[in-house]
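These notes are about the structure you will find just below.
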Amino acid sequence: MLCSYQPITACLGDIKAWLPKQLLPTALWEVIYLLLASSDSEGTDAVRQALLDTGLSPRRGLIAYLRLLSKVVQRGAVIDDIPDYRTIREQEVIL
Amino acid sequence: MFAAGIITISITANHVTRSMVVRSNCPGTVTLLELSIYKNNKMLLELYLCLSLFVCIESSSLSRNSVIERLPSQGLRLFHPSYPLSLLDVVSEEEASSIIKIKRLNGIGSTTAEGVEPTMPLPWKSFPELGISPEAFVSSKNILDSYERQKHQGYFIWARKLEKPRNNCVLLNHWSQRVIHLTQYSATDGAVGYDLTSSVDNDLRAAQMTWPPLALEFEMTANKWQAVEVSENLINGG
Numbered sequence: 535m536l537c538s539y540q541p542i543t544a545c546l547g548d549i550k551a552w553l554p555k556q557l558l559p560t561a562l563w564e565v566i567y568l569l570l571a572s573s574d575s576e577g578t579d580a581v582r583q584a585l586l587d588t589g590l591s592p593r594r595g596l597i598a599y600l601r602l603l604s605k606v607v608q609r610g611a612v613i614d615d616i617p618d619y620r621t622i623r624e625q626e627v628i629l
Numbered sequence: 003m004f005a006a007g008i009i010t011i012s013i014t015a016n017h018v019t020r021s022m023v024v025r026s027n028c029p030g031t032v033t034l035l036e037l038s039i040y041k042n043n044k045m046l047l048e049l050y051l052c053l054s055l056f057v058c059i060e061s062s063s064l065s066r067n068s069v070i071e072r073l074p075s076q077g078l079r080l081f082h083p084s085y086p087l088s089l090l091d092v093v094s095e096e097e098a099s100s101i102i103k104i105k106r107l108n109g110i111g112s113t114t115a116e117g118v119e120p121t122m123p124l125p126w127k128s129f130p131e132l133g134i135s136p137e138a139f140v141s142s143k144n145i146l147d148s149y150e151r152q153k154h155q156g157y158f159i160w161a162r163k164l165e166k167p168r169n170n171c172v173l174l175n176h177w178s179q180r181v182i183h184l185t186q187y188s189a190t191d192g193a194v195g196y197d198l199t200s201s202v203d204n205d206l207r208a209a210q211m212t213w214p215p216l217a218l219e220f221e222m223t224a225n226k227w228q229a230v231e232v233s234e235n236l237i238n239g240g
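These protein sequence lines are chains A and B, in that order. Be aware that the first sequence starts at 535, since it is given in this note's numbering, and climbs by one per residue. Be aware that the second sequence starts at 3, since it is given in this note's numbering, and climbs by one per residue.
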């Protein structure tokens, strides 16, 4: 069989490889939408914060995932000013 | 692969040397090929093709300018798979040039190549790639410091709105959250696109969309689609 074309991946920086359709079906749209929404000069922070506060699809989706990550970072800010010697470290104890 | 060459020929008594300077598409990279043709009296006996010199000239001004030319000056973002929150922050031109320098020093592609292999796609795997244990309760300072050390492995991405559709742009439908890659567009012949958010994998016919002449323009007038130009790494690949 004569094959005229061979599909290859030519671009090394493939973002879609990190965004599987099965788990994040609309992630590509969400990425582009966030890029556009953040590029607007007016209301940028308000739009972005509204998206992160509510999430377009709370159960799954990249924006919901970003919302979760932002909450993790916010939670980590609680111990920012606490010195290391006062933090509680979980260690495995072998008896 | 784009290459432009300059050939110079120098002739001595019995030795012909052709030097070819090839400028590749890699910014700041110049390859010098030397083609030596030896003559023995009247007969051409041997032909040597030798890669005599492979010169990589690190010209900071040349490489920096040629890379920056391909990146937009505004709205540039960095997508790091271990810290996707980074795509919300605008990368300045100075910061982008410093990241490109670090990428080049680490042997990572200038604008689109990656240093992190997609061993496990998103979601739910983030901070381990930054060197943070998933069990540890870390401060936000640690997270941001780890990201600062690893952000040169991210991808530069950008998007900007277009007034009219054109070849290789994407069409967004915000209601159904669809992204169409417009591969062919002509005002007289119509348009052809592929749904990048289609759930049917490996079936290009199912994902293909065609518009007869002026049909896409009518739909654009009805605000069904928004034309956007995006970076290549958002639409290429599988």
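Where is the CB? At the ideal position from N, CA and C, for every residue including glycine.
**OP:** Report the partner residues of Thr560/A according to the DSSP bridge assignment.
**Re:** According to DSSP, which records beta bridges pairwise, Thr560/A is partnered with nothing at all.
Original post:
Residues bridged to Asn175/B by DSSP?
Top reply: Arg180/B
Original post:
How far does the beta strand (DSSP E) with Lys555/A in it reach, from first residue to last?
Top reply: No beta strand (DSSP E) holds Lys555/A; DSSP gives it neither H nor E.
Subject >> Continuous beta strand (DSSP E) stretch holding Arg79/B: start and end >> reply: Arg79 to Phe81
Subject >> Backbone CA spacing between Ser188/B and Tyr157/B [nearest angstrom] >> reply: 31 Å
Subject >> DSSP three-state assignment for Lys605/A, whether helix, strand or coil >> reply: helix
**OP:** State the CB to CB distance for the pair Gln228/B and Leu173/B, rounded to an integer number of angstroms; the pair is presumed to be in contact (CB under 8 Å).
**Re:** 7 Å
Subject >> For Ala259/B, the first and last residue of its enclosing beta strand (DSSP E) >> reply: What is shown of chain B runs 3 to 240, which leaves residue 259/B out entirely.
Original post:
In terms of residue numbering, what span does the beta strand (DSSP E) encompassing Asp197/B cover?
Top reply: Gly192 to Asp197
Subject >> For Val140/B and Ala551/A, the rounded distance between their alpha carbons >> reply: 28 Å
Original post:
Exposed or buried, which one is Ile59/B when buried takes at least 16 other CB atoms within 10 Å?
Top reply: Reliability of the predicted coordinates at Ile59/B is poor, the pLDDT of 30 falling under 50, and the value obtained from them is presented with this limitation in mind. Exposed, because fewer than 16 other Cβ atoms sit within 10 Å of the Cβ of Ile59/B.
Original post:
So what does DSSP say about Ala229/B, is it helix, strand or coil?
Top reply: strand
Original post:
Roughly how many angstroms separate the alpha carbons of Leu596/A and Val232/B, rounded to a whole number?
Top reply: 18 Å
Original post:
If we count Cβ pairs, one from each stretch, closer than 8 Å, do we get three or more for the region 149–164 of chain B versus the region 177–192 of chain B?
Top reply: no
Original post:
At least one CB of chain B closer than 9 Å to the CB of Thr588/A: is that the case?
Top reply: no
**OP:** Could you pull out every residue in the same chain whose Cβ sits closer than 7 Å to the Cβ of Arg168/B, ignoring the five residues on either side in sequence?
**Re:** Tyr187
Original post:
Is any beta-carbon of chain B found at less than 9 Å from that of Ala580/A?
Top reply: no
Subject >> Backbone CA spacing between Gly610/A and Ser84/B [nearest angstrom] >> reply: 17 Å
Original post:
From Arg79/B to Asn225/B, what does the alpha carbon distance come to, in whole angstroms?
Top reply: 27 Å
**OP:** Give the range of the alpha helix (DSSP H) segment to which Thr223/B is assigned.
**Re:** Ala217 to Thr223
Subject >> Minimum Cβ-Cβ distance from Tyr539/A to chain B less than 9 Å >> reply: no
**OP:** Using a Cβ cut-off of 7 Å, pull out every chain A residue sitting near Arg79/B, in sequence order please.
**Re:** Leu569
Subject >> Rounded C-alpha distance that separates Tyr599/A from Leu553/A >> reply: 12 Å
Original post:
Within the 9 Å Cβ cut-off, does Arg168/B reach chain C?
Top reply: The question asks about chain C, but that chain is absent: this structure's protein chains are A and B.
Original post:
Beta-carbon of Tyr619/A versus every beta-carbon of chain B: anything under 9 Å?
Top reply: no
Original post:
Any idea which residues DSSP pairs Gln210/B with across the strands?
Top reply: Tyr196/B
**OP:** Would you please verify whether the beta carbon of Tyr196/B is less than 9 Å from any beta carbon of chain A?
**Re:** no
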